[in-house]
Amino acid sequence: MTVATKISEVRSAIKQWKADGLTVGLVPTMGYLHEGHGSLISTAVKQCDRVVVSVFVNPTQFAPNEDLEAYPRDFERDKALCEKLGADLVFHPEVSEMYTEDASTYVEILSDMPKQLCGKTRPIHFRGVCTVVSKLFNIVQPDKAFFGEKDAQQLAIIRKMVIDMSYGIEIVGCPIIREADGLAKSSRNTYLNAEERRAALCLSKAVKLGRELTAGGETSSEIILSQMKALIESEPLARIDYVEAVDGITMNPVEQVKSGDLIAMAVYIGKTRLIDNFTV
Ligand code: PAF
């Protein structure tokens, strides 16, 4: 497995692979890899001849008040996991390699899509995500790119960007990977102390409740969301950012849920903001 820190190194590896007629998969990550990322990498290895994993904590998707500096990092561990899972190249650039000092070009979806859900409290987040993912697409030119369904709004936004920008890349969404007790795997789980870790189960419990209600035929967003919110609010360490029902493609709120819609939440457990969701 190759570790590349320069865009030129990635480009020359890709050029050779394409000349050999091989397909290329990209798994974009911000590192501190867990089993959720592992499943993206394993799926990519199964579906593509060569797999590139990018490990880059992207500053443009963090607002000044967010956790960019504190974001957990352990590149040696990430590298070992990528190698074990069969990745061919890990791209681990410095910020200066990805963004020149005067970088001023962004990729931004101008509809309401990035303003919904997480976009309400993180207004510049998806502009940063689209910009860095777009740059990674330009650098790696993958046939397929792999994203987790835990970041459901991100996945919908990337799918839209790929259509709007005619990238011609297949976007593969991979299911949420959970701990044995239900908590969705996330790099941010490492911020939780023991009491918060227990409290964080209110997210997956709310998902379970929502699933039960929709499976039982309930379609009213108001009824489903109010019951999910009541469950979360019964946990003293939890503070709801949002619990919403939206169209699975446009991310616009829906009053009646139908198959394919998304019920998503962001909840603070102490200072840590966690997300979870399910598709109806
Ligand atoms: O999902 C993430 O880890 C990031 O948002 C991504 C897609 C790697 C872009 O920085």
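The numbering used here numbers the first residue of the sequence shown as 45 and each following residue consecutively. For glycine and all other residues, C-beta sits at the position ideal for the given N, C-alpha and C. Just so it is clear, the structure is predicted and the values come from calculations on it, not from any experiment.
Element boundaries [beta strand (DSSP E), containing residue i]
i, result
"N321", "316-323"
"A289", "282-290"
"E214", "214-218"
"R117", "Careful: R117 lies outside any beta strand (DSSP E) and carries neither H nor E."
"G192", "188-192"
"R94", "94-99"
"P73", "Here residue 73 is Thr; the residue named in the question, Pro, does not match the sequence. That run of the beta strand (DSSP E) goes 68-73."
"L142", "Position check: residue 142 holds Met in this sequence, whereas Leu was assumed. First-last for M142: 139-142, but that is the alpha helix (DSSP H), not the beta strand (DSSP E)."
"I313", "306-313"
Under the three-state DSSP convention, the category residue i falls into
i, result
"T263", "coil"
"M205", "helix"
"S248", "helix"
"R166", "coil"
"I183", "helix"
"Q300", "strand"
"M272", "helix"
"T104", "helix"
"L236", "coil"
"V47", "strand"
"L133", "strand"
"A228", "strand"
Spatially closest choice to residue i from the options, by CA coordinates
i, options, result
"K302", "S265, L281, R283", "S265"
"T323", "Y150, T316, D305, I153", "D305"
"I85", "P167, A124, R117", "A124"
"D93", "I201, A189, T258", "A189"
"E288", "V298, E279, T294", "V298"
"E239", "A114, V101, T316, Q300", "T316"
"I153", "T46, K128, M209", "M209"
"A88", "N102, P103, L70, T104", "L70"
"S231", "M45, T73, R55", "T73"
N-terminal and C-terminal residue of the alpha helix (DSSP H) that residue i is part of
i, result
"G82", "79-91"
Sufficient close CB pairs (3 or more, under 8 Å) joining the region 61-68 to the region 104-122:
Counting Cβ pairs under 8 Å, fewer than three are found: no touch.
Is it a yes or a no for the region 213-227 touching the region 69-88, going by three-plus beta-carbon pairs under 8 Å?
Touching, yes, given that three or more Cβ pairs across the two stretches are closer than 8 Å.
For the region 162-179 and the region 199-211, state whether three or more C-beta atom pairs, one from each stretch, are separated by less than 8 Å.
Flag = yes, the region 162-179 and the region 199-211 touch.
At least three beta-carbon pairs within less than 8 Å, the region 303-312 to the region 278-288:
A contact exists between the region 303-312 and the region 278-288.
Does the region 126-146 come close enough to the region 90-97 to have 3 or more Cβ pairs within less than 8 Å?
Touching, yes, given that three or more Cβ pairs across the two stretches are closer than 8 Å.
Counting by C-beta, which residues lie closer than 6 Å to a heavy atom of ligand 1, in chain order?
Near ligand 1, residues with a Cβ at less than 6 Å from any of the ligand's heavy atoms are P72, T73, M74, N102, Q105, V173, V176, V177, D195, Q198; the list follows chain order.
Segment contact flag, the region 226-236 with the region 244-264, C-beta cutoff 8 Å, min 3 pairs
Touching, yes, given that three or more Cβ pairs across the two stretches are closer than 8 Å.
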